[in-house]
Amino acid sequence: MIEIGIAGKPNAGKSTFFKAATLADAEIANYPFTTIKPNVGIGYVRVKCVCQELGVKCNECIDGWRFIPVKLIDVAGLVPDAHKGRGLGNEFLDNLRQSEAVIHVVDASGSTDEEGNEIGLGERNPVEDVRFLYHEIDMWLFGILKRNWDKIIRRMKAEKRDPAKFLTEQLAGLGFEEWMVREAMRGFDVSALSDEELKSFAVELRKRRMQMVIAANKADKAPRKMLEELMKLDEIVVPTSAAYELILRTAAKNGYIKYLPGDSDFEIIKELNEKQVKALEKIREFLKEFRSTGVQEAINRAVFDLLDYIVVYPVEDENKFTDSKGNVLPDAMLVKRGTTAKELAFKIHTDIGKHFIYALDAKTKMRVADDYELKNNDVIKIVSGAK
153 MIEIGIAGKP NAGKSTFFKA ATLADAEIAN YPFTTIKPNV GIGYVRVKCV CQELGVKCNE
213 CIDGWRFIPV KLIDVAGLVP DAHKGRGLGN EFLDNLRQSE AVIHVVDASG STDEEGNEIG
273 LGERNPVEDV RFLYHEIDMW LFGILKRNWD KIIRRMKAEK RDPAKFLTEQ LAGLGFEEWM
333 VREAMRGFDV SALSDEELKS FAVELRKRRM QMVIAANKAD KAPRKMLEEL MKLDEIVVPT
393 SAAYELILRT AAKNGYIKYL PGDSDFEIIK ELNEKQVKAL EKIREFLKEF RSTGVQEAIN
453 RAVFDLLDYI VVYPVEDENK FTDSKGNVLP DAMLVKRGTT AKELAFKIHT DIGKHFIYAL
513 DAKTKMRVAD DYELKNNDVI KIVSGAK
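Structure below.
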């Protein structure tokens with residue numbers, strides 16, 4: 153399952169974002185270090201289910217929307233010099249190594265200082281918080297590299313190894329792939345780096361490994377100029393109100409409104425008091441302006457825009473689009489763009505991959521080659537000799 157880290161300084165709304173996305177129990181309070189151990193829960197990406205295109209009815213979607221699970225990891229708030237062990241230190245940076253991408257929850261209202269303490273609205277530039285997290289990760293990576301760099305280089309030279317392959321092996325525990333290391337190496341002679349050059353190399357590594365979506369949180373009270381400054385960043389920035397999303401999710405769960413995560417509006421279906429109606433109308437104004445609370449959009453953009461995943465539907469019966477038990481489109485799988493039909497077979501089950509015979513495009517009923525690159529919303533039958 154895809155793992156996405158939820159990161160940021162204390163009191164930016166990370167735990168509220170996490171709870172709104174997962175409805176999991178997470179302690180929420182307006183003081184630093186509410187989260188001590190990382191919270192882990194299941195969130196979802198939201199996509200149009202292919203059942204509508206195929207003209208069949210499945211039991212896996214809600215009003216035509218399919219929600220596919222992803223794992224969310226809410227790490228504790230990072231403070232300046234966390235890479236030196238300050239605050240709760242490196243263990244939270246270590247938690248990010250599990251993540252394929254990061255949603256950086258930023259206090260767009262500028263009402264918390266760099267430590268997460270409350271200050272006046274608009275007193276801190278949230279762009280500084282974006283830069284601060286990058287700096288902490290850069291220095292953390294630099295520290296890891298610096299610790300063993302001389303030994304790594306001596307061994308690389310002695311064994312006459314390809315630098316990119318060798319460094320990838322050394323960084324495997326941090327989730328680096330060879331292409332990331334090879335791209336980051338451009339312009340560097342890694343066999344002779346000064347400390348400053350090694351820091352620059354760490355920055356290039358981070359840019360490829362720790363891709364981020366910026367959730368400009370507390371957008372419901374953020375001064376417009378601060379939101380505009382964030383939107384100018386060369387990043388994916390999503391205006392967000394995790395607090396509003398949590399209210400809507402909770403109200404929907406309790407049967408007061410009809411609402412799906414990512415909707416641009418909601419319907420009140422149970423009688424509410426005047427105070428509740430007033431609160432919901434305020435949220436509706438936010439939805440009119442920003443089209444959603446931003447929580448679902450941030451997750452979707454991390455998975456589809458940053459990580460370049462697509463959705464495919466494996467089936468056993470290409471005519472009825474069912475599995476062996478007659479369930480219509482029971483599985484929606486997230487796979488990287490470029491994944492082949494044969495690679496999909498391995499993802500379904502190792503034995504199916506090992507005994508792969510051919511694949512069939514269930515929409516066209518045509519065979520596809522084992523190296524056929526899957527497209528978004530493909531419905532695929534894998535024919536295998538596996539028992």
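Residue numbers for the sequence shown follow this note's numbering, beginning at 153 and rising by one. Think of the CB as a built atom: it goes at the ideal place given N, C-alpha and C, for glycine as much as any other residue. Source: prediction; values computed, not measured.
Report task. Excluding the 5 residues preceding and the 5 following V116 in the sequence, name in chain order all residues of the same chain whose CB lies nearer than 8 angstroms to its CB. Result -> Nothing in the structure corresponds to residue 116, since the chain is present only between 153 and 539.
**Report entry** Of the residues N247, V389 and I255, the one placed nearest G325, counting alpha carbons only
**Finding:** The residue labelled residue 325 in the question sits at position 173 within the sequence shown. When each option's Cα is compared against that of G325, the closest is N247.
Report task. Measure the Cβ-Cβ separation of A336 and K359 and say whether it is below 9 angstroms. Result -> In the sequence shown, residue 336 corresponds to position 184, counting from 1. In the sequence shown, residue 359 corresponds to position 207, counting from 1. Yes. Within cutoff.
Query - Assumed close pair S343, K309 - CB separation to whole angstroms, cut-off 8 angstroms - result: Looking up residue 343 in the sequence shown gives position 191. Looking up residue 309 in the sequence shown gives position 157. With 8 angstroms as the limit, S343 and K309 qualify as a contact, their Cβ atoms being about 7 angstroms apart.
Report task. Confirm, please, whether the CB-CB distance from Y461 to R489 is below 9 angstroms. Result -> Position 337 of the sequence shown, counted from the first residue, corresponds to residue 489. Position 309 of the sequence shown, counted from the first residue, corresponds to residue 461. One thing to note: R489 has its Cβ within 9 angstroms of the Cβ of Y461.
Requested in this report: Below 8 angstroms on the Cβ atoms is my guess for Y510 versus V535; work out the distance and round it to an integer in Å.
Outcome: Sequence index remark: in the sequence shown, residue 510 carries index 358 (1-based). Sequence index remark: in the sequence shown, residue 535 carries index 383 (1-based). Their Cβ separation, rounded to whole angstroms, is 5 angstroms, which keeps Y510 and V535 in contact under 8 angstroms.
Query raised in the report: In terms of residue numbering, what span does the beta strand (DSSP E) encompassing I509 cover?
Result: As a working mapping, residue 509 is identified with position 357 in the sequence shown. Looking at the DSSP string, the run of the beta strand (DSSP E) that includes I509 is F508 to D513.
Query raised in the report: Is R276 helix, strand or coil when you go by DSSP?
Result: Numbered from its first residue, the sequence shown carries residue 276 at position 124. Correct three-state label for R276: coil.
Query - Per DSSP, the bridge partner or partners of P221 - result: Translated into positions along the sequence shown, residue 221 becomes position 69. Looking at the DSSP assignment, P221 forms a beta bridge with Y196.
Query raised in the report: Going by C-alpha distance, which of M383, E468, R453 and E321 is nearest I504?
Result: Taking the first residue of the sequence shown as position 1, residue 504 is located at position 352. Comparing Cα positions, the closest option is E468.
Query raised in the report: What separation, rounded to the nearest whole angstrom, lies between the Cα atoms of A514 and C213?
Result: Here the question's residue 514 lines up with position 362 in the sequence shown. Here the question's residue 213 lines up with position 61 in the sequence shown. So the two alpha carbons sit approximately 19 angstroms from each other.
Requested in this report: Grab me the residues of Y183's own chain with a C-beta within less than 7 angstroms of its C-beta, minus the 5 sequence neighbours each way, in chain order.
Outcome: The count along the sequence shown starts at 1 and reaches residue 183 at position 31. Because Y183 carries a pLDDT of 38, less than 50, the predicted location of this residue cannot be relied on, and the following value inherits that uncertainty. Here the set comprises N163.
Query raised in the report: Near A354, which residues of its chain fall below 8 angstroms by C-beta distance, leaving aside the five closest residues on each side in sequence?
Result: In the sequence shown, counting from the first residue as 1, residue 354 sits at position 202. These residues qualify, in order along the chain: D290, M291, L293, F294 and L297.
Query raised in the report: According to the Cβ coordinates, are L382 and V282 closer than 9 angstroms?
Result: For this step, residue 382 is matched to residue 230 along the sequence shown. For this step, residue 282 is matched to residue 130 along the sequence shown. L382 is a Cβ neighbour of V282, given a cutoff of 9 angstroms.
Report task. Within the segment 318 to 373, note down every full alpha helix (DSSP H) run reaching 4 residues or more, in order along the chain. Result -> 330 to 336 and 347 to 361
Query raised in the report: Using 8 angstroms as the Cβ pair cut-off and three pairs as the minimum, do the segment 449 to 461 and the segment 196 to 206 touch?
Result: yes
Query raised in the report: Excluding the five sequence neighbours on either side, which residues of its own chain have a C-beta within less than 6 angstroms of the C-beta of L522, listed in chain order?
Result: Counting from one through the sequence shown, the residue named residue 522 turns up at place 370. Correcting the residue type first, residue 522 is Asp in the shown sequence and not Leu. Closer than 6 angstroms at Cβ, skipping near neighbours: A493 and K494.
Query raised in the report: N529: which of L273, P466 and K440 sits nearest, CA to CA?
Result: Within the sequence shown, numbered from 1, the residue matching residue 529 stands at position 377. N529 has its Cα closest to that of P466, out of L273, P466 and K440.
Report task. Whole angstroms is fine: what's the gap from D265's alpha carbon to C210's? Result -> For the purposes of this step, residue 265 is identified with residue 113 of the sequence shown, where counting begins at 1. For the purposes of this step, residue 210 is identified with residue 58 of the sequence shown, where counting begins at 1. Going by the C-alpha atoms only, they are around 49 angstroms apart.
Report task. Taking only the alpha-carbon atoms, compute the straight-line gap between L439 and T402 and give it to the nearest angstrom. Result -> Taking the sequence shown and counting its residues from 1, one reaches residue 439 at position 287. Taking the sequence shown and counting its residues from 1, one reaches residue 402 at position 250. So the alpha carbons of these two residues sit roughly 17 angstroms apart.
Report task. From the DSSP output, read off the bridge partner residues of T474. Result -> Mapped onto the sequence shown, residue 474 falls at position 322. DSSP lists D469 and V480 as partners of T474.
Query raised in the report: So A253 is in the beta strand (DSSP E); what residue range does that whole segment cover?
Result: Taking the sequence shown and counting its residues from 1, the one referred to as residue 253 is at position 101. That run of the beta strand (DSSP E) goes A253 to D259.
Query raised in the report: Roughly how many whole angstroms lie between the Cα atoms of M485 and I500?
Result: Here residue 485 refers to the residue found at position 333 of the sequence shown. Here residue 500 refers to the residue found at position 348 of the sequence shown. So the alpha carbons of these two residues sit roughly 9 angstroms apart.
Report task. Mark A181 as exposed unless 16 or more other C-beta atoms lie within 10 angstroms of its C-beta, in which case mark it buried. Result -> In the sequence shown, the residue the question calls residue 181 occupies position 29. For A181, the pLDDT reaches just 38, beneath the cut-off of 50, and the residue's location in the model is therefore unreliable, leaving the point undetermined.
Query - Best match in L175, E267 and L206 for proximity to N191 [C-alpha to C-alpha] - result: The residue you call residue 191 lines up with position 39 of the sequence shown. Closest option to N191, Cα to Cα, is L175.
Query raised in the report: Could you give the C-beta distance for A371 and A260, rounded to a whole number, given that I count them as a contact under 8 angstroms?
Result: The residue given as residue 371 occupies position 219 in the sequence shown. The residue given as residue 260 occupies position 108 in the sequence shown. Indeed, because the Cβ distance is near 5 angstroms, the residues count as touching under 8 angstroms.
**Report entry** Local conformation of K488 per DSSP, three classes
**Finding:** Mapped onto the sequence shown, residue 488 falls at position 336. Correct three-state label for K488: strand.
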